[in-house]
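Residue numbers (the working numbering): 891 to 970. Just so you know, even glycine gets a beta-carbon here, dropped at the ideal spot from N, CA and C.
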């Protein structure tokens, strides 16, 4: 359900392109904009998460925590 409204200003060329695409795809310009936002930011979010997980793994390897100490380490982190 759509619950937020906003105004976006486009150049004449950009608006014309969106208008043509909306006619071709038989969707509204708003639908095109929402789809573009979801695609762009979902991809960025996925890449950021992958980078964060890789960095966490590298830090974990450097920490030299023994396997039997992980549970205690995790529980201490949860208290923060």
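Helix, strand or coil: which one does DSSP assign to residue i?
i           : result
residue 897 : coil
residue 918 : coil
residue 970 : coil
residue 955 : coil
residue 892 : coil
Check whether the Cβ of residue i lies closer than 8 Å to any Cβ atom in chain B.
i           : result
residue 960 : Structure shown: chain B not included; a single protein chain is present.
Throw me the rounded Cβ distance for the residue i and residue j pair, which I believe falls under 8 Å.
i           : j           : result
residue 912 : residue 922 : 6 Å
residue 919 : residue 907 : Not quite, the Cβ-Cβ distance comes to about 10 Å (not below 8 Å), so this is no contact.
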